[in-house]
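Position 599 of the sequence shown, counting from 1, maps to 581 under my numbering, and the rest follow consecutively. For glycine and all other residues, C-beta sits at the position ideal for the given N, C-alpha and C. Quick caveat, the model's predicted, so the values are computed rather than measured.
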Amino acid sequence: MAKKQFKAESKRLLDLMIHSIYTHREIFLRELISNASDALDKLYYRSLSDDCTGIDRREFTVTLTPDAAARTLTIEDNGIGMTKAELEENLGVIAKSGSLAFKKETEQPEDIDIIGQFGVGFYAAFMVSDRVTVLSRAFGSDEAYCWESEGADGYTVKEAQKDTHGTTIVLHLKDNTDDESYDEFLQPHRLKALVKRYSDYIRYPIRMAMPQSRLKDGCDGDSPEDYETVSETETLNSMVPLWRKNKNELTAEEYHAFYQEKFRDYEAPARVIHSATEGAATYNALLFVPSHAPYDFYTREYEKGLQLYASGVLIMDKCADLLPDCFSFVKGLVDSQDLSLNISREMLQHDRQLKVIASRLEKKIKSELFAMLQNDRETYETFWKSFGMQLKYGVYAEFGKNKELLQDLLLFATSENDTTTTLSEYVGRMKDGQDVIYYIAGRDRDQLARMPQAELVRDRGYELLYLTEDVDEFCVRSLTEYQGKSFKNVSDGDLGLETEEEKENARKQEEENKDLLTFMTEAIDRKATVKLSNRLKSHPVCLSSEGGLSIEMEKVLAAMPGEQGQRFKASRVLEINEQHAIWATLQTLFDTDRDKLKAYTALLYDQALMIEGLPVEDPIAFAQTLCALMCE
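What follows is the structure, given as structure tokens:
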């Protein structure tokens, strides 16, 4: 029989289908099962609208039959089947979809859940087969036809015999090569795993027929003739997705078991988010907030994303576009009926539906986390220890794009008590007349409580946020303000806490000691500007900064790999406490012994560096100067 040619640049397009569009050859099984499910859907729909007798929807099934001896894998369904014309139309024209045409022809296409709409998935079979045979008999017809092809060279269609309606696809698997083994698709355990991965939630049972050796009645089993071969079937898929069930039907144990099995976690999740949404985008979502961070979460190797299903068929294992980076810790899945798929189910178009789903998920996750914070603080604080840094990075990233989304979820250490506080709680405790949120940044909470810069603020009874992680100060500076209250680093510039009398006295002291302060600035080679302090109470000196870059931010940037971070330097200020006895000594030395004043100034600057956790630039000179002064 003469071969018929494909009607669409056959060889070039089919080669593209096989070698470029699909990235994993195993997905051929997903595509063929989805097509079989579509055929069952079509017959199901017809049985509802037409006067169809003899259809028992309970018998709808997809059957897989591997035959290692013949090197064939058979996928069979008892769905609507195809006529000769439909075989040629659907399989003879690459990218022609019978499923899409069927959906368009129905009066209410939005009610028909057809998985395959682009007509190319069938040809994925040629990734693993050197010959594909399709035997089909349309429902209501007495005639059956066989379509067969060995690839891009064309196909044949001839009359055949088939007892019942439906379609049987026989894949004649390719021979193994040095680089590729196709035997895996004849192994029952491998087929079972692929169905579980990609097609577990197809609504019809997917069964595998396997020959089994059974002892004949009345035989003792002493010889091979005592056994007979029978075919037994096993249902491979669960059919009913957990996420499509009503939340009221499910228990916490069922959610937790599903999460731990599917996402391979040894602990139950901290939060379960189960939602069904209709409207601009219709989808079901089942999301989980883990109770602990994966070992690789804060590494480049970690890959975010939700599993994406289209009508119960897995399309992508990690769809990154469904989650913002700030919520990259969330695990789970989304199942939608109205996503626009490109010619491959693996190539998802970035369309409006996907963006709408992502936006709604973002708001839902934020809402659930906030509810956890409000109603289950202990669980939230445990969650925060694992993922709080990610939320803070989310505030800082993308020029503060997500700061309004995340600001109410943040926690900080506080001088108020030993626990953490939200920004809302801090503002709720603010003193009358306080218009800024005070904070101090450093490595250790206990050390921050003793820092000289914090003395005046704490003396006035103001609460301090303790920023102890590298990202903290970048985070609050990205926020700029919260509920109309700006943020103020107690080590930055003027705190604005002095009375007018105190300010006037400070200006007078600066003017009277202008030459002394200039000499001290030059004594440390202008590494810092020396000024009198308006914030110190008992400590002799401290370092502060002027401008947008704080000393703590400078340390964070300097610790970054490469040389780029070394270029960023804070504008340092060495503040001297005029109420401390050391100030009188410095004034006296300016008149009597400027060499010793220079040594004292260097010591005070090194002391301020050490208080800040910064390295002393010349430890040997520091030790020698200190010993020399001790010997006087």
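Report, in whole angstroms, the separation of the C-beta atoms of residue i and residue j, which I expect to be a contact under 8 Å.
| i | j | result |
| --- | --- | --- |
| H154 | T47 | Incorrect: roughly 13 Å between the Cβ atoms, too far for contact. |
| L514 | A552 | Actually they are not in contact, since the Cβ atoms of L514 and A552 sit about 20 Å apart, beyond 8 Å. |
| V316 | I339 | 6 Å |
| C308 | G370 | Actually they are not in contact, since the Cβ atoms of C308 and G370 sit about 11 Å apart, beyond 8 Å. |
| I419 | K345 | Actually they are not in contact, since the Cβ atoms of I419 and K345 sit about 26 Å apart, beyond 8 Å. |
| G287 | L305 | 6 Å |
Kindly indicate the opening and closing residues of the alpha helix (DSSP H) around residue i.
| i | result |
| --- | --- |
| A234 | A234 to K244 |
| H171 | P170 to Y180 |
| M298 | Run containing M298: none in the alpha helix (DSSP H); it sits in the beta strand (DSSP E), V295 to C301. |
| K374 | R359 to G382 |
| Q589 | R576 to I593 |
| A67 | K66 to L73 |
| L430 | R427 to A431 |
| Y621 | The question about residue 621 has no answer, for the chain in this structure spans -17 to 614. |
| L461 | D454 to L461 |
| E386 | K385 to L388 |
Kindly indicate which three-state DSSP category residue i falls into: helix, strand or coil?
| i | result |
| --- | --- |
| A48 | The displayed chain sequence assigns Pro, not Ala, to residue 48. Of the three classes helix, strand and coil, the one that applies to P48 here is strand, per DSSP. |
| L82 | Confidence at L82 is low in this model, with a pLDDT of 44, below 50, so the placement of that residue is unreliable and no value is reported for it. |
| K227 | coil |
| G136 | coil |
| D59 | strand |
| Y280 | coil |
| F352 | helix |
| C609 | helix |
| N471 | strand |
| I564 | helix |
| F121 | coil |
| E536 | helix |
| K513 | strand |
| R342 | helix |
| I9 | helix |
| L447 | strand |
| Q289 | strand |
| G148 | strand |
| I97 | Summary for I97: the model assigns pLDDT 35, below 50, so the residue's position carries little reliability; its value from the coordinates is reported in the next sentence. I97: coil per DSSP, three-state reduction. |
| M109 | helix |
| T402 | strand |
| A142 | strand |
| V222 | coil |
Around the Cβ of residue i, are there at least 16 other Cβ atoms within 10 angstroms (buried) or fewer (exposed)?
| i | result |
| --- | --- |
| L22 | buried |
| P597 | exposed |
| S341 | exposed |
| M612 | exposed |
| R196 | exposed |
| A120 | buried |
| D474 | buried |
| N228 | exposed |
| N399 | exposed |
| R189 | buried |
| D600 | exposed |
| R253 | buried |
| G148 | buried |
| K413 | exposed |
| I602 | exposed |
| M109 | buried |
| T404 | buried |
| V222 | exposed |
| Y186 | buried |
| N72 | buried |
| A540 | exposed |
Taking the alpha carbon of residue i as the reference point, which residue from the options has its own alpha carbon closest?
| i | options | result |
| --- | --- | --- |
| C457 | R432, G415, Y105 and F394 | F394 |
| E534 | D426, E235, V523 and E130 | D426 |
| Y137 | L69, K537, F550 and R359 | L69 |
| A191 | E437, D208, E614 and S213 | S213 |
| N219 | G261, A239, T567 and A175 | A175 |
| V152 | D278, L14 and L446 | L14 |
| K(-14) | G133, Y105 and A302 | G133 |
| A436 | R334, L336 and L479 | L479 |
| T217 | S310, G200, G424 and Y183 | Y183 |
Starting from residue i, trace the beta strand (DSSP E) both ways and give me its first and last residue.
| i | result |
| --- | --- |
| F270 | Y265 to V271 |
| R489 | Careful: R489 lies outside any beta strand (DSSP E), inside the alpha helix (DSSP H) at E482 to E494. |
| G314 | K313 to S318 |
| F394 | F394 to T396 |
| V418 | V418 to A423 |
I want to check one thing, is the minimum distance from the CB of residue i to the heavy atoms of the ligand ADP below 7 Å?
| i | result |
| --- | --- |
| E68 | Absent from the structure shown: the ligand ADP. Ligands present: none. |
Does the CB of residue i have a neighbour CB from chain C at under 8 Å?
| i | result |
| --- | --- |
| R12 | Protein chain content of the structure displayed is limited to a single chain, and chain C is not contained in it. |
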